[in-house]
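Down below is the structure, laid out as structure tokens.
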Amino acid sequence: MAEEKTVREKNQEAAKKQAEAVSQQKNKQIMEFNEKFEGLTKRNQDYMFHLNKALAEKNYAEREKVVSEMYNELMEKQKQGVVANKLYGTVNEKVEAILAGPKKEPKMPTLWELSLDNGLMMLALFCIMYAFLGMFSKSNQNAANGGIITLIVTSIVAGVGLGYFYRAMMPGQSKRRGWLNIIFMIAILMVVWVAAFGIVAIIPPTINVVLPPLAYA
Numbered sequence: 017m018a019e020e021k022t023v024r025e026k027n028q029e030a031a032k033k034q035a036e037a038v039s040q041q042k043n044k045q046i047m048e049f050n051e052k053f054e055g056l057t058k059r060n061q062d063y064m065f066h067l068n069k070a071l072a073e074k075n076y077a078e079r080e081k082v083v084s085e086m087y088n089e090l091m092e093k094q095k096q097g098v099v100a101n102k103l104y105g106t107v108n109e110k111v112e113a114i115l116a117g118p119k120k121e122p123k124m125p126t127l128w129e130l131s132l133d134n135g136l137m138m139l140a141l142f143c144i145m146y147a148f149l150g151m152f153s154k155s156n157q158n159a160a161n162g163g164i165i166t167l168i169v170t171s172i173v174a175g176v177g178l179g180y181f182y183r184a185m186m187p188g189q190s191k192r193r194g195w196l197n198i199i200f201m202i203a204i205l206m207v208v209w210v211a212a213f214g215i216v217a218i219i220p221p222t223i224n225v226v227l228p229p230l231a232y233a
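For what it's worth, the numbering used here labels the leading residue of the sequence shown as 17, then goes sequentially.
As structure tokens, this is what we get:
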């Protein structure tokens with residue numbers, strides 16, 4: 017029994033010493049970290065300690081660079097009373113954001129893509145309009161319904177015009193182009209649209225065929 021008790025006590029002492037060694041090592045790391053980031057408030061130091069530890073556990077290659085940049089930013093922000101939690105969110109949230117990398121800005125659609133999208137939309141709207149006009153204006157069907165060439169040309173012009181307008185109105189584009197330039201280009205597109213109507217009106221009905229109302233639907 018004495019020998020068994022002695023072994024048990026030895027195991028307890030060994031475990032106690034190991035725990036003390038781990039605690040001392042942890043305290044040493046905290047002290048070294050706090051010295052490295054001297055000048056931060058205790059709250060911000062604690063935040064940076066846990067952030068650094070989490071990034072180290074993830075084996076993040078640019079850990080030291082990121083932590084150093086955050087330290088410099090915090091040194092400036094805390095003068096205004098800002099704390100790390102308010103600036104970066106929780107440690108877990110910030111770690112996830114760092115690992116995910118910077119957010120990519122959405123790609124701006126090209127004028128061609130916008131023109132195609134809006135052109136098809138206008139084509140569908142014109143088809144619906146011509147179908148209704150054809151069904152409710154039996155007395156003057158040819159005047160109510162445009163021909164197939166009229167439908168295509170006006171849809172293309174409207175698609176390009178709307179595509180240019182939407183692209184010009186995107187964030188940052190209106191400031192770079194200037195409002196006067198945008199208004200001028202829209203005015204030109206309106207003139208082109210009216211001119212397109214005039215040109216297709218000259219095309220004989222044998223070529224610019226008027227389809228039955230149901231064909232547009």
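By construction, the Cβ of each residue, glycine as well, lies at the ideal position given by its N, Cα and C atoms. Please read these numbers as outputs of a predicted model, since none were measured by experiment.
The ligand ADP heavy atom lying under 7 Å from the CB of residue i
| i | result |
| --- | --- |
| A72 | As far as ligands go, the structure on display features none, and thus does not contain the ligand ADP. |
Distance, residue j Cα to residue i Cα
| i | j | result |
| --- | --- | --- |
| L136 | I164 | 14 Å |
| A159 | I199 | Residue placement at A159 is poorly supported in this model, since its pLDDT is 46, which falls under 50; the coordinates are not used for a value here. |
| A72 | E129 | 45 Å |
| T222 | L196 | 43 Å |
| V99 | S171 | 56 Å |
| Y146 | M186 | 32 Å |
| E92 | P125 | 39 Å |
| V216 | P228 | 19 Å |
| Y182 | N224 | 31 Å |
| N75 | R59 | 25 Å |
| V207 | L132 | 20 Å |
| I204 | M151 | 34 Å |
| G55 | Q94 | 10 Å |
Identified DSSP bridge partners for residue i
| i | result |
| --- | --- |
| L149 | Its beta-bridge partners do not exist; DSSP assigns none. |
| E54 | L56 |
Reference residue i; option with closest CA among the options
| i | options | result |
| --- | --- | --- |
| A184 | I172, F213, N224, I202 | I202 |
| L90 | R79, L103, K81 | L103 |
| Q96 | T57, M206, I204 | T57 |
| F65 | V111, A77, Q94 | V111 |
| M138 | P118, A77, I168 | I168 |
| N88 | Q61, A77, I114 | Q61 |
| V226 | G55, C143, P122 | C143 |
Distance between beta carbons of residue j and residue i, contact taken as under 8 Å
| i | j | result |
| --- | --- | --- |
| L178 | N134 | 4 Å |
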